[in-house]
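For reference, the structure is listed below as structure tokens.
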Amino acid sequence: MTTTIGQRAGLDTIPAYRQGAAPKPVDGLAPFKLSSNENPYPPLPSVMEAVAGAVSGIHRYPSLAADALAAAIADEWGITAGNIAFGAGSVEVASQIIHAVTNPGDQVMFAWRSFEAYPILATVAGAEPQPIPLTPEGGHDLQAMAAAVTPRTRVIFLCNPNNPTGAVLTAAAVERFLDAVPSDVLVVIDEAYLHFNDHPETAVGVDLFRRHPNVVVLHTFSKAYGLAGLRLGYAIGTPELIAGLGKVAIPFAVTALAQEAGLASLRAGKELQDRIDVLISERQRVYSGLLAAGLPVRPSGANFLWLDTGIHTAEVAALFEANAIAVRVFPTEGIRVSVGTADANDRVLEIARRAGRLLLRQH
Ligand SMILES: Cc1ncc(COP(=O)(O)O)c(C=O)c1O
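Numbering (numbering that gives the first Met the number 0), first residue to last: 0 to 362.
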């Protein structure tokens, strides 16, 4: 006998989150996955040791408040543990924020295109997504966003640098935006790619939080710290907001292994920073190579680059696929390529030269 379980109204209209594709195998070529903005390096030995050491305790629940990690992060940023809420990745914290702040029918604003989870999380929480188109350069149109705030707008996501375009928001522009937005609207500054952002004028979430209580900052251990598979992210906000996030969070979603890995990563500061520095310089090398190949690449403050290939997206994407490189393809819009190890990046540049010739022939 089969039974059909009815699902809540509207669920069939919500898109499922799409994971970055795996590379298609090609004979004679090492595959590279550059489709999820992951750290291409394996975990540091000290982090693996910390995780292995915590395995013997996994018959116990983890610390609900992740107190040791909270103390270390508080110390790093000059805040208190009461300013920090954790989740299984910063995407889970983003979901907590929407659940804690919006009532059904309230609006959640974000630039579009940006991180694909924002509209999904908003809709799942019963809120209405308010996407505001990016500028032609791929940045947030902060004027348009401020002008689009309605009495129902409760939460605004600013993604700095923006995924997938890599555009950086300057401190001055975000200050102006915060002055223009009502102070009872929560502004989330999602800094998933913070460590790769070397823009001299960038907005810095924690600085803005110190001056504006309606700012909450999202950080993750998935990108620069290379812990995407362990799921660990956090918010920095006012104690009142943080207490609210704790109420809507799934209890114990942040495992003891993740907490230990996070602590060990904070202790490995210099080693991790060296890797980050290499990735930043590789990003610059790939950016210059893509430009030289004639591809429409945007400056980026993150560990990925955006190719504005528009109607040529499918042809360029096919070249990556045929050469065992998985990238994130946005049909008819563009392609996001994560910065990988030097050999992966060399392959990207080879493909770029071919793609550049292909595009040239079509003009
Ligand atoms: C802008 C942005 N925010 C948040 C996340 C979520 O990261 P995680 O849930 O792994 O912390 C991502 C992941 O790609 C991202 O690009």
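For each residue, glycine too, the CB sits at the ideal point set by N, CA and C.
If you're wondering where the values come from, they're calculated on a predicted model, not measured in any experiment.
Just the Cα atoms here: how many angstroms apart are residue 175 and residue 142?
9 Å
Tell me whether residue 74 counts as near ligand 1, meaning its Cβ is closer than 6 Å to at least one heavy atom of that ligand.
no
Any chance the CB of residue 232 is under 6 Å from a heavy atom of ligand 1?
yes
Inter-residue spacing [alpha-carbon to alpha-carbon] between residue 67 and residue 263
11 Å
DSSP three-state assignment for residue 26, whether helix, strand or coil
coil
For residue 314 and residue 348, believed in contact at Cβ under 8 Å, the rounded distance:
Residue 348 to residue 314, Cβ: 18 Å. No contact.
Nearest-angstrom Cβ-Cβ length linking residue 87 and residue 253, presumed shorter than 8 Å:
6 Å
Simplified DSSP state of residue 107, which is helix, strand or coil:
strand
Which residue comes first and which comes last in the alpha helix (DSSP H) that contains residue 268?
268-291
Rounded C-beta distance between residue 230 and residue 257? I'm assuming under 8 Å.
6 Å
What is the DSSP secondary structure of residue 52, reduced to helix, strand or coil?
helix
Cβ pair residue 301, residue 195 closer than 7 Å
yes
Going along the chain, which residues of its own chain have a beta-carbon closer than 7 Å to the beta-carbon of residue 351, five neighbours each way excluded?
288, 289, 292 and 294
Buried or exposed for residue 276, please, with buried defined as at least 16 other CB atoms from any protein chain shown within 10 angstroms of its CB.
exposed
Closest by CA to residue 20, which one among 342, 334, 359 and 109?
334
I need the residues with a C-beta less than 6 Å from some heavy atom of ligand 1; please give them in chain order.
36, 88, 89, 90, 114, 158, 162, 189, 191, 219, 221, 227 and 232
Under a Cβ-count criterion, where at least 16 other Cβ atoms within 10 Å of its own Cβ denotes burial, should residue 56 be classed as buried or exposed?
exposed
If I measure Cβ to Cβ from residue 320 and keep anything under 7 Å in the same chain, skipping five residues before and after, which residues do I get?
23
Assigned exposure category for residue 58 - 16 Cβ within 10 Å defines buried:
exposed
Suppose you measure from the CA of residue 153 to the CA of residue 243; what does that come to, to the nearest Å?
15 Å
Suppose the cutoff is 7 Å on Cβ atoms and the five residues either side in sequence are ignored; what does the same chain contact list for residue 60 look like?
251
Is the Cβ of residue 114 closer than 7 Å to any Cβ of chain B?
Of the protein chains in this structure there is only one, and it is not chain B.
Can you list, in chain order, the residues of its chain whose CB lies under 8 Å from that of residue 241, leaving out five sequence neighbours each side?
81, 82, 83, 84 and 234
On the premise that residue 128 lies in contact with residue 118, defined as a C-beta separation below 8 Å, what is that separation, rounded to the nearest angstrom?
4 Å
Nearest to residue 76 by CA position, among 259, 203, 151 and 17, is which residue?
203
Determine the extent of the alpha helix (DSSP H) in which residue 351 is found, giving its start and end residues.
341-360
Using C-beta distances below 8 Å, list every residue in its chain close to residue 246, excluding the 5 sequence neighbours before and after it, in chain order.
99
Could you check what DSSP says for residue 57 in three-state terms: helix, strand or coil?
coil
Got a sec? Which residues, its chain only, sit under 7 Å from residue 340 by beta carbon, not counting five neighbours each side?
39
Just how far apart, CA to CA, sit residue 130 and residue 3?
34 Å
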